[in-house]
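Since the structure comes first, as structure tokens, the remarks are kept for the end.
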Amino acid sequence: MISCTIIPVANLGAKLLAIWWNKKSFFSLMKYLESPEFNAHNEVQNRYIQVVHQFAKVLLKILIAIVAGYVVVTGVSPFITDTAMMIPPPNDMGKYNLFYKIIHIFMQFYLGSTSICHDLLFMTLFGLCIAQLNILQHKLLNVYEEALELSVEVGLSSRFTEKQLLKDCVILHETIHQYVGRLSIVVSFPLSLQYFCGCFLICSIILQLTILDQTDTFSLLSIISIATIIFSQLACYHWLGNEIALKSSNIIEACYLSNWYNLNHESQMTLLLLMENAKQPLPVQLYKIIHISLESLGVIFRWSYSLFALIKARYS
Numbered sequence: 053m054i055s056c057t058i059i060p061v062a063n064l065g066a067k068l069l070a071i072w073w074n075k076k077s078f079f080s081l082m083k084y085l086e087s088p089e090f091n092a093h094n095e096v097q098n099r100y101i102q103v104v105h106q107f108a109k110v111l112l113k114i115l116i117a118i119v120a121g122y123v124v125v126t127g128v129s130p131f132i133t134d135t136a137m138m139i140p141p142p143n144d145m146g147k148y149n150l151f152y153k154i155i156h157i158f159m160q161f162y163l164g165s166t167s168i169c170h171d172l173l174f175m176t177l178f179g180l181c182i183a184q185l186n187i188l189q190h191k192l193l194n195v196y197e198e199a200l201e202l203s204v205e206v207g208l209s210s211r212f213t214e215k216q217l218l219k220d221c222v223i224l225h226e227t228i229h230q231y232v233g234r235l236s237i238v239v240s241f242p243l244s245l246q247y248f249c250g251c252f253l254i255c256s257i258i259l260q261l262t263i264l265d266q267t268d269t270f271s272l273l274s275i276i277s278i279a280t281i282i283f284s285q286l287a288c289y290h291w292l293g294n295e296i297a298l299k300s301s302n303i304i305e306a307c308y309l310s311n312w313y314n315l316n317h318e319s320q321m322t323l324l325l326l327m328e329n330a331k332q333p334l335p336v337q338l339y340k341i342i343h344i345s346l347e348s349l350g351v352i353f354r355w356s357y358s359l360f361a362l363i364k365a366r367y368s
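Under the numbering used here, think of the first position of the sequence shown as 53, with each following residue one higher.
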């Protein structure tokens, strides 16, 4: 039961501390989102950003449903049944026991709602990076066609407009690279902590189900509810991180599938240099050690099983 109290508070504290400690990097992310490089797009390209807005709405509903289940299990159940509270009173509260239970529900709701806000903030930052990578691919795929349209509108040669559009693509790619670096700094500490919490929870649940004589159903249910929240968060972060790495690696394909053979020689060389720079994907990294991807999500389960095997060998 102690783990069900400490882990949510520790995760929330880690996210708050990460924003405060890395406030320069966090404010840099806000400046990138307001920069012309991230906003000077046409109506068609801005649809990728609208997709992120819709994704955030759906994600908010999912997080609310998960956290609501957690609040019901840990806050409402002790109020209507005789099950123990996650944070029991130190002494007999007497006539104030009802008041303590109400405060207990309020604190569980506050903890869950605050955690939703921070997770939605971080995941939206991931999603906006994916949107910018999609916009970059769209620009590269249609660079020749857009250069012709722009040359007709402004009355300049297509050679000049090609050069200008490719210059914008190079600047956008470099800005995205810097954005991912700042994002990695901000999320490194809280996601690293969630790695260890996830390993601990998996090991704890397996131990209680297989080795220990677990008779307290409420304690087991509380741990499972916390594990559901932790792994839902980790699954979302790793899926979004995997999308960033995948989209960044698709930049080369976008360059190749464009009408590069119709561009002038100087523009072709610029496109070739951009392809060379895009050979290295842009993964979100935790302290430059762990890449946030679906592959690294399996690391948590391997670590958990290793820890479980070690404890089982110790007590068997």
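C-beta: ideal position from N, C-alpha, C; glycine also.
In this structure the region 230-247 does not lie against the region 305-324, because fewer than three pairs of beta carbons, one per stretch, are closer than 8 Å. Looking at the DSSP output, Ile342 sits in a beta bridge with Leu338. DSSP places His93 in the coil class of the three-state scheme, outside both helix and strand.
The three-state secondary structure of Asp144, taken from DSSP, is coil. Nearest Cα to Ile254 within the set Trp355, Leu193, Gly293: Trp355. Here the C-alpha atom of Arg211 lies approximately 7 Å from the C-alpha atom of Asn316.
In the DSSP assignment, Tyr313 falls outside any alpha helix (DSSP H), carrying neither H nor E. DSSP, reduced to helix, strand and coil, places Lys331 outside both helices and strands of the structure shown, so it counts as coil. In the three-state DSSP reduction, Leu208 falls in the coil class, being neither helix nor strand. Taking a C-beta distance under 9 Å as the contact criterion, Leu359 and Phe252 qualify as a contact pair. In this structure, the straight-line span from the alpha carbon of Ser167 to that of Ala330 is close to 35 Å. Ranking Phe107, His229, Val61, Ser240 by CA distance to the CA of Gln160 puts Val61 first. A straight line joining the alpha-carbon of His156 with that of Asn143 spans about 15 Å. Shown here, Ser236 sits in a helix according to DSSP, grouped into three states.
Note that the region 109-123 does not touch the region 184-192; fewer than 3 beta-carbon pairs, one per stretch, sit closer than 8 Å.
For Asn302, there is no enclosing alpha helix (DSSP H), as DSSP gives it neither H nor E. Within the same chain, Cβ atoms closer than 6 Å to the Cβ of His343 are found at Pro335, Gln337, the five residues on either side in sequence being excluded. Short of 8 Å from the beta carbon of Leu64, and not among the five residues preceding or following it, lie these beta carbons of its own chain, in chain order: Leu163, Thr166, Ser167, His170. Nearest Cα to Trp72 within the set Val110, Ala279, Val238: Val238.
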